[in-house]
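Take the sequence shown: its letter number 47 is residue 49 in my numbering, and every next letter is one higher.
I have placed the structure first, in the form of structure tokens, so that the comments after it can refer back to it.
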Amino acid sequence: FIAMKLHLANWRWNGTPFYLRTGKRMKARMSEIVVRFKEPPHSIFEEDTGQSANELRIRLQPNEGMDLTVTIKEPGPGGMRLVDVPLDMTFAEALGEEAVGVPDAYERLIMDVIRGNQTLFMRGDEVEAAWAWTDPIIEDWQARDDFPLEYDPGSTGPEEALILMHRDARRWRDLTP
């Protein structure tokens, strides 16, 4: 298990936190990327009810697809009532029968090995670059006599992962596919 907050050192992402959480035997087996857009500094509407930050979710597994949750004005008369609405697309719905029976990640990797397709595999220099990034982290842990924290199978990870988000007044998304 690992939970971390990252910052990228470039002009485009300056000041934008990236949160990563991953582990084995967690509450749900799922992979997704969630982009939570910054909330505006002030509202042009009288009421703030129903307004939350827009969010783009890219579902890698299961139920591959994407959804965009946006705040809209509820249609019809009666003032300015705002509601959050998901715009949802799954590959199964978009592609129909062709999407049925999509192999899982390991099946795809094995088929790529058989076919000689190496695009999903790391080259030697990429492996070395990955270790160049992780080695200082491991060395820092060892210098501080730090160790991985245990968590219960079927949970969302150790309590410290929640603390990471609470420090920034945020919370992890629920692990429901």
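Positions of the beta carbon are idealized from the N, C-alpha and C atoms, including for glycine.
- A buried status is given to T158, since no fewer than 16 other beta-carbon atoms sit within 10 Å of its beta-carbon.
- Proximity to E152 across N16, L10, N12 and G25 peaks at G25, based on C-alpha coordinates.
- Beta-bridge partners assigned by DSSP to G67: R61 and T92.
- For H9, the uninterrupted beta strand (DSSP E) segment begins and ends at I4 to H9.
- Boundaries cannot be given for P42, as no alpha helix (DSSP H) includes it and DSSP labels it neither H nor E.
- Within the DSSP bridge table, the entry for T73 names D86 as partners.
- A direct Cα-Cα distance of roughly 10 Å separates P64 from T178.
- A distance below 6 Å between beta-carbons, with the five flanking residues on each side excluded, links V37 to the following residues of its chain, in chain order: L58.
- The C-beta of R172 has fewer than 16 other C-beta atoms within 10 Å across all chains shown, which makes the residue exposed.
- When the alpha-carbon of I74 is set against those of L62, E66 and A55, the nearest one is in A55.
- For the pair L111 and M124, the Cα-to-Cα distance works out to about 12 Å.
- Assigned with DSSP and collapsed to three states, Y153 falls in coil, not helix or strand.
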